[in-house]
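Okay, structure first, notes after.
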Amino acid sequence: MNAQTSVKIKEQRKSIYFFQEGNATMKDLLGGKGANLAEMTKLGLPIPPGFTITTEVCRDFIKSGGYLEQQLLNEIDSSVERLGAEMNAQFGSMEQPLLVSVRSGSLNSMPGMLDTILNLGLNDQTVASLAQWVKDERFAYDCYRRFIAMFGNIVLNVPHERFEDELKALKASIQKDNDQQLTSEDWKQLIEAYKKVIEQYGTESFPQDVYTQLHLAVKAVFRSWGNARAKVYRKLYGIPEDQGTAVNIQAMVFGNRGEDSATGVMFTRNPATGSRQLYGEFLVNAQGEDVVAGIRTPSSIEDMSRLFPQAFADLANAAAILEEHYEDMQDIEFTIEQNRLYLLQTRVGKRTAQAAVKIAMDLLHEGQITPQQAIARIDMQHLNQLLHRTIKPSENLTPLSSGLPASPGAATGVICLDADTVVHWVQEGRSVILLTEETSPEDIHGLEAAEGVLTAKGGMTSHAAVVARGMGKPCICGCSDLSINKATRTIQLGGLTLHEGDELTIDGNLGQIFSGLLPLTEPELSPELEELLKVADEIRTLKIYANADSPKDAVKARKLGAEGVGLCRTEHMFFSEKRLPIVQKMILAENREERIQWLTRLLPMQQADFEHIFEEMAGCSVTIRLLDPPLHEFLPNERQLERQLAELNQVDVNQVDMNNDDVNQDEVNQDEVNQDEVKQRIAELESMLAKVRELKENNPMLGLRGCRLGIRFPEIYDMQLEAIFRAALSVLKRGIEVQPEIMVPLVGDSNELKWLRDMADEVAKQILGPDYVNVKYAVGTMIEVPRAALLAEDIAKYADFFSFGTNDLTQMTYGYSRDDAEGTFLKHYLDNGILASNPFQTLDSKGVGQLIDWAVQKGRTGKPKLKIGLCGEQGGDFNSISFCHKIGLNYVSCSPMRIPFARLAAAQVALAVDDQ
């Protein structure tokens, strides 16, 4: 295409559409408001006429640095003149002046984020003409003062408070309480004060030329696309920055023309509960900004039937037409001018999570929408609110501080600084929030007992985050503002000094921390939600498994609809108070024989857990990952051990004077016992410290862990395999179908999997004996090393299934350490647009995704029916689920509380693929 052709196409592009020229399918071009106004016009509803300047013009405006071509300005002028002819008025006329509103209208609804200007077209002459035309001077000057204030704020950058201060001063001087008591003379006085405010604080004087007003207003609304609040809103809701907004110029209708006029907002259903009833409010003798500003108490929509019976009947009829036409609850803005109804906007109404589900299912039952439509229109974030406790909404909430939203939900409780105290206080009946620098496996009892967790360090895939998500507990990690002093049992947070025992509320959905105990709303799995999820199950093709590390997790997962266990992390079974000391003894063992002795004590514990999980998941596959983390993670922190040793070594065990006749012999004997205990404890700590140092690695996440551990110490995996097969046999003999799947972690070479597969098959034959053929077990691997993905065809020879562990795969592909990245540079990367999303939350489809796609294709080269799933943190993320569906995975596995989310997400992505 040459430059001349390009210019010609640009010249031919239509930049302005009158409402009667558009329709609802043109949202990309006309924005949501413009497209809906066009659609309502076609439906014959009472819409004030107008036209829309397209989003393409906005994008050009932004690229040019804020320039509108003269040709377009001329087209705007001619369009407003045509609009005047339709209204039997004239823009800037001294007889019947046309007034217009200039409103934004983006593709996605952004309520209150972009700017609107009303009553445009008034100046010192036209205001007098308007007063004479409508025979109401007070009304005309009321409109003029509103316009000057709105124009001065939005176009001329005068702070809104400057105008409010003048209004308050005027009312105080004449001793009037509300706007309705002010006369036309009062408004005239205020108008002059407003002009002086603009002269003092504005970027330029208030323009008297109405076409200048119009051009400046259009530019200001386009500029509002880039204001701070709009940017925050777009980031929060994932709205593209380059979308731009349309501008709608519409003939004004007036809700402030007296007691027979009004303005309001109405929903076709209750947006809080979803019940089928008209819901809204209105103000008599007011304009739209009065409702938003809250300066007067509005009336309920029910009162409208008494005050404006005909307008109410027309509004109810319009509501029914619009809801049936759009097949969803509508949010309608309206104005009544001298008892005549006008509709100014309709859009799909914002609603609570509970209402969203109820409305979708009610519309399905009413025959207005299909099951597919019911599923497609649910906002996935609504499901998050339904599955976890949330802070009850309030306008006066200011967080003390914030961190990374690591596990959703809200929790309240008293501050507690160590796991042991958490357990003690909970036993006393107190609700507790555990605050710590970072959690370790030793804190598991505290994590389990606490209502929620807040850490100063760590990222969204740290130990605290992973365990909290699995437990369904709220968690905030990496709160850099948090400083903990265990010596004084105090913390520094948000510039305040708080003490252990002070009350705190955390919001794991947003990562916010509040002082005090805020009221919470409980999660609600309503009958409508249960029904909705069953509808989703009929649509989705991707199976949804659970990450379940305990029988308790399995019970919760099955209740929420899990079709199996995709990841059982056996290391998490060892963190309880009873088991951890045995594991530590096993690690500290001096030789293989001593290690087997302690493993023998762990065997029945593991077997019992597996039996319970198999029972809960009867007939479903249960994927059990053999021990994965570095052994030193089960041992106390090196510095903790050093401190304990230092404290014990300060005790002088020879301080008792045995020749002193006054010494009681019983006390002497007790001292000797205490001395022996101290010496024994010192010896134990020294041995443990030596082992911790021996096991210490420069890069433990890439060291002795996963399959390497099983090959180096085969007796560990041998015990776990024996526990699995003993459990399977026991459950099978009780008539329960069992499908164990043994996952070998961190494989990077096919020989590693072959070596451990042979071990698994040998243990199976030994334990199962004649029942070997009856237990349908499988052996596979977790693909989390890039080399394993690249060599998937070779590895598949020894695998019955693949499962992608995307946390480690992401770490190794990016070269990022999760905790270090999320605690240091990752937020900076996200804030500055270097990365579009956190790759540990949403699967990196371009990089990590290529490895996964490659592994899927190569793995199925020789085994077309190879079972493949994903069980990393991204298994509960919508975009990641979408990617898994598209490349043909069989399942995703996520934490139990994310199961409903994943069920619905899998259905939505299936519908999206079908539509392409």
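Going by UniProt numbering, 197 is the number at position 197 of the sequence shown; the sequence numbering is gapless.
C-beta: ideal position from N, C-alpha, C; glycine also.
The DSSP assignment places complete alpha helix (DSSP H) segments of no fewer than 4 residues inside the region 861-889 at 878-886, in order along the chain.
Between the region 588-597 and the region 641-648 there are fewer than three inter-stretch CB-CB distances shorter than 8 Å, so the stretches are not counted as touching. The beta strand (DSSP E) runs of length 3 or more contained entirely in the region 218-265 are, from start to end of the chain, 245-251.
In this chain, the beta strand (DSSP E) harbouring Leu404 covers 404-407. About 4 Å separates the beta carbons of Glu741 and Thr623, which is inside the 8 Å limit, making them a contact pair. In the three-state reduction of the DSSP assignment, Val892 falls in the strand class.
Rounded to whole angstroms, the gap between the alpha carbons of Gly258 and Asn879 is 52 Å. The Cβ atoms of Phe267 and Gly255 lie no closer than 9 Å to each other.
Scanning its chain for C-beta atoms nearer than 8 Å, with the 5 sequence neighbours on each side dropped, one finds around Thr370 the residues Leu364, in chain order. With fewer than 16 other Cβ atoms from the protein chains shown falling within 10 Å of its own Cβ, Asn485 counts as exposed. Bridge partners of Glu593 according to DSSP: none are assigned.
Here the region 200-219 makes no contact with the region 37-51; the two share fewer than three CB pairs at distances below 8 Å.
In this model, Ile682 and Gln850 are separated by some 53 Å (Cα to Cα). Checking the DSSP bridge columns, you'll see Thr390 partnered with Thr521. Between the alpha carbons of Arg579 and Glu633 lies a distance of about 14 Å. Apart from the 5 residues on each side of it in sequence, Asp808 sits with its Cβ closer than 6 Å to the Cβ of Glu784 in its chain, given in chain order. When C-alpha distances from Ile336 are compared across Asp794, Pro474, Ser261, Leu645, the shortest belongs to Ser261. Between Leu732 and Val779, the CB-CB gap reaches or exceeds 9 Å.
Asn649 sits in a helix when the DSSP states are folded into three classes.
Inter-residue distance for Glu722 and Glu451 is about 36 Å (C-alpha atoms, whole angstroms). If you draw a straight line from the Cα of Arg146 to the Cα of Gly105, it is about 21 Å long. Contact between Glu75 and Ile16 holds: CB atoms are separated by about 6 Å, below the 8 Å threshold.
Per DSSP, the continuous beta strand (DSSP E) segment holding Ile506 begins and ends at 503-507. Between Thr203 and Leu114 a beta carbon distance of about 20 Å is seen, past the 8 Å cut, so the two are scored as non-contacting.
From the listed residues Asn108, Ala228, Leu542, Thr390, the smallest Cα separation to Leu870 is found for Leu542. Between Val763 and Asp718 the beta-carbon gap is near 6 Å, inside 8 Å, which marks them as a contact. Looking at the backbone, the Cα of Arg351 and that of Ser275 are separated by about 11 Å.
Distances from the CA of Asp553 to each of Arg540, Gln277, Met573 were compared; the closest alpha carbon is that of Met573. Taking a contact as a CB-CB distance under 8 Å, the pair Leu510 and Pro405 counts as one, their CB atoms being some 6 Å apart. If you look at Met361, you'll find it in the alpha helix (DSSP H) that goes 353-365.
Using a Cβ distance threshold of 9 Å, Pro630 and Pro700 count as a contacting pair. A direct Cα-Cα distance of roughly 10 Å separates Met897 from Ala562. Distance from the CA of Ile736 to the CA of Leu729, rounded to the nearest whole angstrom, comes to 10 Å.
Classified as buried, Arg540 has 16 or more neighbouring CB atoms from the shown chains inside 10 Å of its CB. By the Cβ rule, the region 152-163 counts as touching the region 193-203, because three or more pairs are nearer than 8 Å.
The way I'd put it, the region 856-873 doesn't touch the region 516-530; fewer than three beta-carbon pairs between them come closer than 8 Å.
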